[in-house]
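Novice: Mind looking over this structure? Questions follow.
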Amino acid sequence: MQLTRRRLISAGGLAAAAAALPAAAAPAVRVRIRKFAFDPDTVSIKAGERIEWVNEDFAPHTATEADHSWDTGEMGKGGTASVLFETPGTHSYYCVYHPHMKARIVVTA
Numbered sequence: 008m009q010l011t012r013r014r015l016i017s018a019g020g021l022a023a024a025a026a027a028l029p030a031a032a033a034p035a036v037r038v039r040i041r042k043f044a045f046d047p048d049t050v051s052i053k054a055g056e057r058i059e060w061v062n063e064d065f066a067p068h069t070a071t072e073a074d075h076s077w078d079t080g081e082m083g084k085g086g087t088a089s090v091l092f093e094t095p096g097t098h099s100y101y102c103v104y105h106p107h108m109k110a111r112i113v114v115t116a
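Under the numbering used here, the sequence shown is numbered contiguously, ending at residue 116.
The following block contains the structure:
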């Protein structure tokens, strides 16, 4: 197969575009919201990892830090949200619409 100028330019453009993309982020630890509960209700992660919540309920939910330092905002049915945790510590959180829904994240160094 002959390498034409057009293919060479196209290949060069793709290589440059790929080089400009950021490195893939580490996969998130998933917390499912179902039956008006966070599952699991306690998660341990390392600093620099991300939690992703997936709302499998019919009702809207949030994941909101007890001290309100972070909040996912409303997640409707099928909605997702994520938060990156960079500092070690323990985070208690709840759903603002359903305060009985409580869970905890433990972030280690």
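For glycine and all other residues, C-beta sits at the position ideal for the given N, C-alpha and C.
Compute the Euclidean distance between the alpha carbons of Pro106 and Ile58, then round it to the nearest angstrom.
Specialist: Each residue's Cα considered, the two are about 20 Å apart.
Novice: Assign Phe65 to one of two classes, buried (16 or more other C-beta atoms within 10 Å of its C-beta) or exposed (fewer than that).
Specialist: Exposed: under 16 other Cβ atoms inside 10 Å.
Novice: Tell me the start and end of each unbroken beta strand (DSSP E) in the region 36–111 that is at least 3 residues and wholly inside, in chain order.
Specialist: Runs of the beta strand (DSSP E) inside the region 36–111: 36–41, 44–46, 49–53, 56–62, 87–92, 96–101.
Novice: Among Ala116, Ala35, Arg41, whose alpha-carbon lies nearest the alpha-carbon of Gly83?
Specialist: Checked all of Ala116, Ala35, Arg41; the closest Cα to Gly83 is Arg41.
Novice: Going by other Cβ atoms of all chains shown within 10 Å of its Cβ, with 16 needed for buried, is Val113 buried or exposed?
Specialist: Answer is exposed; the Cβ neighbour count stays below 16.
Novice: So does the region 71–78 actually touch the region 35–49, counting three or more Cβ pairs closer than 8 Å?
Specialist: No: fewer than three Cβ pairs fall under 8 Å.
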